[in-house]
Amino acid sequence: MTRLNQDWWEQDFHLHTTYSDGSLRPMELLESLVGLGVRHVAITDHESVRAYRELDVHRIPTGLELHPGIELDCQWQDFEVHLLGLDFRPDHPDLEAYLDHIHRVRRVQYLRLMEAINRELREEFLTPETVFPPETDTWMKPHIFQRLGQHPRFQHLDPEDRYRFFKEWLADRGLRVEIPRPTLAEGIDLIHRAGGYAVLAHPGYYWKHGMAFPESLRVMKEMGLDGLEVFYPYYQPNAPEFPTETAAIETVLTLYQWGQEFRLLMTRGSDIHRPEHRTERYRHLHRVRQAVAALSDPGPLDARGPAGEAG
Numbered sequence: 148m149t150r151l152n153q154d155w156w157e158q159d160f161h162l163h164t165t166y167s168d169g170s171l172r173p174m175e176l177l178e179s180l181v182g183l184g185v186r187h188v189a190i191t192d193h194e195s196v197r198a199y200r201e202l203d204v205h206r207i208p209t210g211l212e213l214h215p216g217i218e219l220d221c222q223w224q225d226f227e228v229h230l231l232g233l234d235f236r237p238d239h240p241d242l243e244a245y246l247d248h249i250h251r252v253r254r255v256q257y258l259r260l261m262e263a264i265n266r267e268l269r270e271e272f273l274t275p276e277t278v279f280p281p282e283t284d285t286w287m288k289p290h291i292f293q294r295l296g297q298h299p300r301f302q303h304l305d306p307e308d309r310y311r312f313f314k315e316w317l318a319d320r321g322l323r324v325e326i327p328r329p330t331l332a333e334g335i336d337l338i339h340r341a342g343g344y345a346v347l348a349h350p351g352y353y354w355k356h357g358m359a360f361p362e363s364l365r366v367m368k369e370m371g372l373d374g375l376e377v378f379y380p381y382y383q384p385n386a387p388e389f390p391t392e393t394a395a396i397e398t399v400l401t402l403y404q405w406g407q408e409f410r411l412l413m414t415r416g417s418d419i420h421r422p423e424h425r426t427e428r429y430r431h432l433h434r435v436r437q438a439v440a441a442l443s444d445p446g447p448l449d450a451r452g453p454a455g456e457a458g
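In this text, residue positions in the sequence shown follow the working numbering: the first is 148, and each later residue adds one.
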């Protein structure tokens, strides 16, 4: 595995494009990062590496270094968790086989969900053509929720409230999709077989939702987990887990200490899906940086040993 960049504050290893549930195409996304102090980036689309197959590496903006990335849905005990894969081979046959399989499953499940919602609405409002942009690789709930927000019944909803509202709306009607998820151990193994690092995405959410920390980190590391997405913009509009910026920063500082304790890689990611989120999320990440600097000298990203070597 290649070594990840040493500077947390020059990286954004959590970004989404139109190939999953983002609103920008890959090149548009990269161009939007110019001038923000970012050098090392990873497009981590949900269960998709199509961006890396179609990007022209000769057109990547000067000053940006692109790292292969992906975000996988996994199961850990009673929790759905997201696992970032970084610096792997996007064309690895095992990874390609898994992604082909999960895309087929998703299409079948979401076709059924759209049919069920249409029956609820008593009209043919949702179709693949109206819900999923042509370039979409991974069919997901946000696509359906965005289209539902255009229905006269729901046009009053604030776009920031749609996801939570429609999740509850579907649950109240017993409408759901059954997407099989690999265990966290299986996800880690898949990323390792493809030559990459396995990093637990936004762990602060799992902690706030009741996952046992730091005990879970100890077990996950024994399973092969390489790192934690420590530096993350938890303070967001309508995020009940972190009602204040102080609470969000305190969570990051605790995760930072656990990352050091368990000698895990620590990464930074904005999890940007739409450009209108960029300014506020980067502003919050800057405040996170100030808090970490005040705590101590953060040291290198790879906390496993001197100069990034395993200790």
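The beta-carbon is built from N, C-alpha and C at its ideal position, and this holds for glycine as well.
- For M413, the enclosing beta strand (DSSP E) stretches over residues 412–415.
- Note on geometry: alpha-carbon atoms of E423 and L171 lie some 11 Å from one another.
- In the three-state reduction of the DSSP assignment, W156 falls in the helix class, which pools H, G and I.
- Shown here for T164: same chain residues with a beta carbon closer than 7 Å to its own, the five before and five after excluded, namely L171, R172, P173, L176, I190, D192, A198 in chain order.
- In the three-state reduction of the DSSP assignment, V366 falls in the helix class.
- Here the alpha carbons of P361 and Q297 stand approximately 43 Å from one another.
- In this structure, T398 and F389 form a Cβ contact; the two beta carbons are roughly 7 Å apart against a cut-off of 8 Å.
- For V228, the enclosing beta strand (DSSP E) covers residues 226–233.
- According to the DSSP assignment, D220 belongs to the beta strand (DSSP E) that extends over 212–223.
- Within its own chain, the residues whose Cβ lies closer than 6 Å to the Cβ of L260, once the five positions on either side in sequence are excluded, are V324, listed in chain order.
- Listed in chain order, the non-local C-beta contacts of N265 below 7 Å within the same chain comprise E271, F272, L273, local neighbours out to five positions each way being set aside.
- Per the coordinates, the alpha-carbon of P240 lies some 10 Å from the alpha-carbon of R340.
- For F312, the enclosing alpha helix (DSSP H) starts and ends at 309–319.
- Taking the Cα positions, Y245 is about 22 Å away from G169.
- Contact between the region 303–315 and the region 195–214 is not established, with fewer than three Cβ pairs separated by less than 8 Å.
- For V346, no alpha helix (DSSP H) run applies; the uninterrupted beta strand (DSSP E) run containing it begins and ends at 344–347, by DSSP.
- Excluding its 5 nearest sequence neighbours in each direction, W156 has C-beta neighbours in its own chain below 6 Å: R436, listed in chain order.
- The shortest CA-to-CA distance from D238 to any of Q404, D225, Q158, V196 is the one to V196.
- Here H161 is buried. Its C-beta has 16 or more other C-beta atoms within 10 Å.
- Between R415 and D159, the gap from beta carbon to beta carbon is short of 8 Å.
- Across the structure, R294 and T277 are spaced so that their CA atoms are roughly 7 Å apart.
- In the structure shown, E376 adopts extended strand secondary structure according to DSSP, grouped into three states.
- Three or more beta-carbon pairs drawn from the region 222–232 and the region 343–350 are found closer than 8 Å, and the two stretches are therefore classed as touching.
- Here E194 is buried: its Cβ has 16 or more other Cβ atoms, across all protein chains shown, within 10 Å.
- Here DSSP, grouped into helix, strand and coil, assigns A332 to helix.
- Judged by DSSP secondary structure, V439 falls within the alpha helix (DSSP H) whose first and last residues are 425–442.
- The Cβ neighbour count for L442, taken over all protein chains shown within 10 Å, is under 16; the residue is labelled exposed.
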